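Numbering-wise (my numbering), the sequence shown opens with residue -13 and increments by one.
Glycine residues also receive a C-beta, built at the ideal position from the N, C-alpha and C atoms.
Everything numeric in this text was worked out from a predicted model, so none of it was measured.
Reading through the structure tokens given below for one structure.
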Amino acid sequence: MLEPAISPSTPFAVNDCWSGSATVLPDDRPIIMYTGINEQEQQVENVAYPKDLSDPYLWEWVQTDYNVPRHPAQRRRQVV
């Protein structure tokens, strides 16, 4: 059985995480973007990278503890 690629183990996903989507960056590196629940019970977006790009199956992924594309306090302004 395969281990999960991501798990609630970083500050930005310490309380839970859900699978999201995978894509390939312009430099040909694959990434997983997923939603996590941080220590303040806020929903935040996270990124994980392959641990070993030479692994053709990309079995292991590294969750970052620094990459939050959008902080929960940054809200879109409402157009009135």
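Restricting to Cα atoms, I'd like to know which of the options is closest to residue i.
i   : options                 : result
G6  : D13, W47, R15 and V33   : V33
E31 : L11, D14, P16 and P(-3) : P(-3)
Q26 : D2, L(-12) and W45      : D2
L39 : T21, G22 and D13        : D13
Enumerate in chain order the residues of its own chain whose CB-to-CB distance from residue i is below 8 Å, with the five nearest sequence positions on each side excluded.
i   : result
W47 : A(-9), I(-8), I18, A34, Y35, P36 and K37
T9  : P16, I17 and M19
W4  : Y20, T21 and G22
Where residue i and residue j are concerned, what is the direct C-alpha to C-alpha distance, given to the nearest angstrom?
i   : j     : result
N24 : T50   : 13 Å
V0  : P(-6) : 5 Å
Taking 9 Å as the threshold (beta carbon to beta carbon), is residue i in contact with chain C?
i  : result
N1 : This model lacks chain C altogether; it includes just one protein chain.
Which of the three DSSP states, helix, strand or coil, is assigned to residue i?
i     : result
P(-3) : helix
Might you give, ordered along the chain, the residues of its own chain that have their beta carbon closer than 7 Å to the beta carbon of residue i, omitting 5 neighbours on each side?
i   : result
L11 : I17
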